[in-house]
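Heads up: the structure comes next, in structure tokens.
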Amino acid sequence: MERLRPLLLGVTSALFATTVSAGNDDAYIDVGSFSRQIPGGLPPEWKPLAFRKVAQHTRYELVRDGGQVVVRAEAQAAASGLIRDIRIDPREYPVVQWRWKVANLLERADVARKDGDDHPVRLYVIFRSDRDQLSVWEKVKIFFYRLLYGEEPPTGAINYIWDTRALKGTIAPNAYTARVRMIVVESGATKLNRWVTEERNLLEDYRAAFEDEPPPVVGVAIMTDTDNTGEAATAWYGDIVFKKAGAK
């Protein structure tokens, strides 16, 4: 749980994120427009997401790959992410689409175990809390959080992953906290070293994962992590967009 805290109770700036609502002609929200950037450094509006108890951090950089600028991630027994604070209504923009590429799998990765909770690529979608579903202790923590920041923190997430062996389509609680659901969108080595485009209906995934209606999205994060397994991973992330239903 300690490693996930910045994504949940600790993402304070997400509470003050830019609010995005649908307009008549706004079929898309560009969350990660990496291809429009120049190589070098980090993408604008994305911030490093580090973990207090993890000494080594994943290295992220905008690079050119296949004629487009993307984010390259390199981890050696490391973990950290990049996060963008943004508010999105999943009922207006239920579809999330992105590209990623993986160079290698992690041999000791296991979605069900804390010591195997590493993945070469992750896409987090972070939601505002639903207080009715929280325990008394969680509500107490949120009470004091609200005293400090004036709003409720994000406390839940869907984590889209590329796993080593779990079946594609698997939905499972995160090994550290049930407030995060892992959804396996790719599995195994068949598609290594090539760009893969993913598209998910976030509304349907949230309902399937939590058996509830989704609250607003307050953040999106990418992460390549190998701190639990001690292995190495290299991966790339392409553009990330949210779309209205039916948008091409």
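Position in the sequence shown (first residue = 1) + 7 = the working numbering. Cβ atoms here follow ideal geometry from the backbone N, Cα and C, with glycine treated the same way.
For Leu112, the first and last residue of its enclosing alpha helix (DSSP H): Going by DSSP, Leu112 is part of no alpha helix (DSSP H) at all; its letter is neither H nor E.
message: List, from N- to C-terminal side, the beta strand (DSSP E) runs of 3 residues or more that fit wholly inside the region 66 to 116.
response: Within the region 66 to 116, the beta strand (DSSP E) runs of at least 3 residues that lie entirely inside it are, in chain order, 66 to 72, 75 to 83, 86 to 95 and 102 to 109.
task: Look at Ala242 and Tyr131 and say whether their C-beta atoms are less than 8 Å apart.
output: Not closer than 8 Å, so no.
message: How far does the alpha helix (DSSP H) with Leu210 in it extend, from its first residue to its last?
response: Its alpha helix (DSSP H) spans residues Leu209 to Phe217.
task: Could you name each continuous alpha helix (DSSP H) segment of 4 residues or more that falls completely within the region 175 to 247, going from the start of the chain to the end?
output: 209 to 217, all fully within the region 175 to 247.
- prompt: Which whole-angstrom value is the C-beta distance of Leu209 and Pro51, which I expect to be below 8 Å?
  reply: The Cβ separation is near 24 Å, so there is no contact.
task: Just grab the DSSP bridge partners of Trp169 for me.
output: For Trp169, which the question treats as bridged, DSSP gives the partners Glu193.
task: Go ahead and label Asp37 buried or exposed: buried means 16 or more other beta carbons lie within 10 angstroms of its beta carbon, across all protein chains shown.
output: It counts as exposed.
message: Does the contact criterion of 3 or more C-beta pairs under 8 Å hold for the region 38 to 46 versus the region 237 to 251?
response: Segments in contact, yes.
- prompt: Alpha carbon to alpha carbon, what distance is there between Ala164 and Glu220?
  reply: Glu220 and Ala164: Cα-Cα distance of roughly 13 Å.
task: Going by DSSP, name the residue or residues bridged to Ala164.
output: Beta-bridge pairing links Ala164 to Ile133 and Val187.
query: What is the DSSP secondary structure of Asp125, counted as helix, strand or coil?
result: In the structure shown, Asp125 adopts coil according to DSSP, grouped into three states.
- prompt: Can you give the Cα-Cα distance for Ala62 and Trp107, rounded to whole angstroms?
  reply: Note on geometry: alpha-carbon atoms of Ala62 and Trp107 lie some 26 Å from one another.
- prompt: Shortest alpha-carbon distance to Ala119 belongs to which of Ala57, Arg172 and Gly253?
  reply: A check of alpha carbon separations from Ala119 across Ala57, Arg172 and Gly253 identifies Arg172 as the nearest.
query: Out of curiosity, what's the CA-to-CA distance linking Arg207 and Val103?
result: In this structure, the CA atom of Arg207 is about 5 Å from the CA atom of Val103.
field: Proximal residues to Ala34 (C-beta, below 7 Å), its chain only, five neighbours per side dropped
entry: Cβ neighbours of Ala34 beyond the five flanking positions: Lys250, Lys251 and Ala254.
- request: With Lys54 as the anchor, note down where its beta strand (DSSP E) starts and where it stops.
  value: Looking at the DSSP string, the run of the beta strand (DSSP E) that includes Lys54 is Lys54 to Leu56.
query: Start and end of the beta strand (DSSP E) containing Asp37?
result: Counted as a single uninterrupted DSSP element, the beta strand (DSSP E) harbouring Asp37 occupies residues Tyr35 to Gly39.
C-beta contact flag for Trp169 and Val187 at 8 Å: No, they are not a contact pair.
- request: Return yes when the Cβ of Glu238 is within less than 8 Å of the Cβ of Arg115, no when it is not.
  value: Their beta carbons are under 8 Å apart, which means Arg115 touches Glu238 by this criterion.
- request: Going by CA-CA distance only, name the one from Ile90, Asp72, Ala82 and Lys60 that's closest to Leu49.
  value: In this structure, Ile90 is the residue among Ile90, Asp72, Ala82 and Lys60 with its C-alpha nearest to the C-alpha of Leu49.
- request: Out of Ala182, Thr231, Phe58 and Arg59, state which residue places its alpha-carbon closest to the alpha-carbon of Gly123.
  value: For the residues Ala182, Thr231, Phe58 and Arg59, the minimum Cα distance to Gly123 belongs to Ala182.
field: Outcome for Ala196 when other beta-carbon atoms lying within 10 angstroms are tallied against a minimum of 16
entry: Taking all protein chains in view, the Cβ of Ala196 is surrounded by fewer than 16 other Cβ atoms within 10 Å, so the residue is classified as exposed.
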